[in-house]
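Following: one structure in structure tokens, then a few remarks.
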Amino acid sequence: MKALVFKGKDLPWGVTDFPKPKPVKDQVLVKLKAAAINHRDLWATLELASVLHKDGVVLGSDGCGVVEDVGEDADPLLVGMEVVINPSLEWGKNPAVQGDSFKILGNPDHGTMAEYIVISKKNIFEKPEHLSFEQSAAVPLSGLTAYRALFSKARLRAQEKVLITGIGGGAALWALQLASAYQARVSVTSGSDEKLSRAKALGALHTYNYKNADWAEQAAKASGGFDVVIDSAGGSDFEKLVDLCVPGGRIVNFGRTAGSTVSFDLKKLFYKQISLFGTTMGTRDEFLSLLEFVESRKLVPVVDQVFNLADAKQAFERMKEGSQFGKIILKIG
Numbered sequence: 493m494k495a496l497v498f499k500g501k502d503l504p505w506g507v508t509d510f511p512k513p514k515p516v517k518d519q520v521l522v523k524l525k526a527a528a529i530n531h532r533d534l535w536a537t538l539e540l541a542s543v544l545h546k547d548g549v550v551l552g553s554d555g556c557g558v559v560e561d562v563g564e565d566a567d568p569l570l571v572g573m574e575v576v577i578n579p580s581l582e583w584g585k586n587p588a589v590q591g592d593s594f595k596i597l598g599n600p601d602h603g604t605m606a607e608y609i610v611i612s613k614k615n616i617f618e619k620p621e622h623l624s625f626e627q628s629a630a631v632p633l634s635g636l637t638a639y640r641a642l643f644s645k646a647r648l649r650a651q652e653k654v655l656i657t658g659i660g661g662g663a664a665l666w667a668l669q670l671a672s673a674y675q676a677r678v679s680v681t682s683g684s685d686e687k688l689s690r691a692k693a694l695g696a697l698h699t700y701n702y703k704n705a706d707w708a709e710q711a712a713k714a715s716g717g718f719d720v721v722i723d724s725a726g727g728s729d730f731e732k733l734v735d736l737c738v739p740g741g742r743i744v745n746f747g748r749t750a751g752s753t754v755s756f757d758l759k760k761l762f763y764k765q766i767s768l769f770g771t772t773m774g775t776r777d778e779f780l781s782l783l784e785f786v787e788s789r790k791l792v793p794v795v796d797q798v799f800n801l802a803d804a805k806q807a808f809e810r811m812k813e814g815s816q817f818g819k820i821i822l823k824i825g
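Per the working numbering, the sequence shown starts with residue 493, numbered consecutively.
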């Protein structure tokens, strides 16, 4: 089969021939139709990943396709089902935090940027009927991350004011779509006026360009403060997010694209009784709830551009530029 194989940053990588897997026990063989690129895939190609298969790893966490075969412990009636894959592997028994065996599909386990994948039957779900394969591939990792951040961590309520930083990436856009569908009042930030304009069309009430020195003052004046902040940036602007919270506000972080180190006055945190949460991915139940939410409200993820698997390097360059708005998809087969 054809697969996008990465062997290390100093070695050639790209689409190549790779052994077709065979399902065993409770596994199913999925003939993939589409996969989506995430930053973790890009980072793997820029710096040597900590764990790699000795003969290289197939990249990709997000994918969907059709079940073609099953192992001896899986129901043969699954064959022919159109499915989307949950990339959250071996979460563990505690829904509050992942266990020691937790992994994300696509490193160290072989991922979705291939013609076929074997995966436990526990990690496949029916594809949302109203979505194409390409759209469905845009759901899993970023959608699950946003869903857990909003509903499991922040405990979002209707009509609350929400600020989402760094609009344009998959998780931030999902947070905008999910929160808006839940009747929250959403504002967003970006360094691109074009992305801010497109976010308004998706339901953002107010938009702020963080390159403007007074963006936080503008946001405070317009909103009166936010009940929930969804942040994937970190960095030097983090204290502004604390300042923008109303008393009792909640900040949820799942990234550090602007920097790993933050600094703020702790008095602002404890005196305003602000809750600060970290989150990553989510549980199987949360993934099912995400799909039900998407299905019931007929939400359609934002797709930036679709590339053929053979053109994967161009797709990775698109993500490296940082100009994308929505998910970058690889069409397979």
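In this text, a Cβ means the ideal position worked out from N, Cα and C, and glycines have one as well. Keep in mind that this is a model prediction, so the values were computed, not measured.
Item, Value
"Cα-Cα separation, Asn-745 to Thr-604", "26 angstroms"
"Residues of its chain near Gly-751, where Cβ-Cβ distance is below 6 angstroms and the 5 sequence neighbours each way are ignored", "Gly-726 and Gly-727"
"Extent of the continuous beta strand (DSSP E) run through Tyr-608", "608-612"
"Reduced DSSP category for Val-794 - H, G, I as helix; E, B as strand; rest coil", "coil"
"Contact check, Ala-650 vs Pro-793, beta carbons under 7 angstroms", "no"
"Which residues DSSP lists as bridging His-698, in chain order", "Ser-679"
"Rounded separation between Gly-717 and Leu-736 - CA only", "5 angstroms"
"Whole-number beta carbon distance between Glu-607 and Lys-494, since they are thought to touch under 8 angstroms", "5 angstroms"
"Close beta carbons around Pro-579, own chain, < 6 angstroms, minus the five adjacent residues each side", "Ser-553, Ile-596, Leu-597, Pro-632 and Leu-633"
"Ile-455 and Ala-667 closer than 7 angstroms at C-beta", "Absent from the model: residue 455. The displayed extent of the chain is 493 to 825, so no value can be given."
"Close beta carbons around Lys-823, own chain, < 6 angstroms, minus the five adjacent residues each side", "Ala-526, Val-798 and Asn-800"
"Touching by the beta-carbon criterion (3+ pairs, under 8 angstroms), the segment 754-764 and the segment 693-708", "no"
"Residue range of the unbroken beta strand (DSSP E) whose run includes Pro-739", "737-745"
"Delimiting residues of the alpha helix (DSSP H) encompassing Ser-767", "Counting along the chain, Ser-767 falls outside any alpha helix (DSSP H), though it belongs to the beta strand (DSSP E) covering 767-770."
"Limits of the unbroken beta strand (DSSP E) element including Thr-537", "Not the beta strand (DSSP E): Thr-537 falls in the alpha helix (DSSP H), residues 531-538."
"Nearest-angstrom Cα separation, counted from Gly-661 out to Gly-500", "25 angstroms"
"Closest by C-alpha distance to Asp-592, when choosing among Leu-581, Asn-599 and His-602", "Leu-581"
"For Ile-616, the nearest candidate out of Lys-687, Val-522, Leu-665 and Arg-640 (CA to CA)", "Val-522"
"Beta strand (DSSP E) segment containing Glu-574, residue limits", "574-577"
"Range of the contiguous beta strand (DSSP E) that encloses Lys-819", "819-823"
"Residue interval of the beta strand (DSSP E) (run including Ala-708)", "Segment 707-715 is the alpha helix (DSSP H) holding Ala-708; no beta strand (DSSP E) there."
"Nearest-angstrom Cβ-Cβ length linking Gly-557 and Ala-804, presumed shorter than 8 angstroms", "Between Ala-804 and Gly-557 the Cβ distance is about 17 angstroms, and since that is not below 8 angstroms, they are no contact."
"7 angstroms Cβ shell around Asp-601 - same chain, five flanking residues per side excluded", "Leu-581 and Lys-595"
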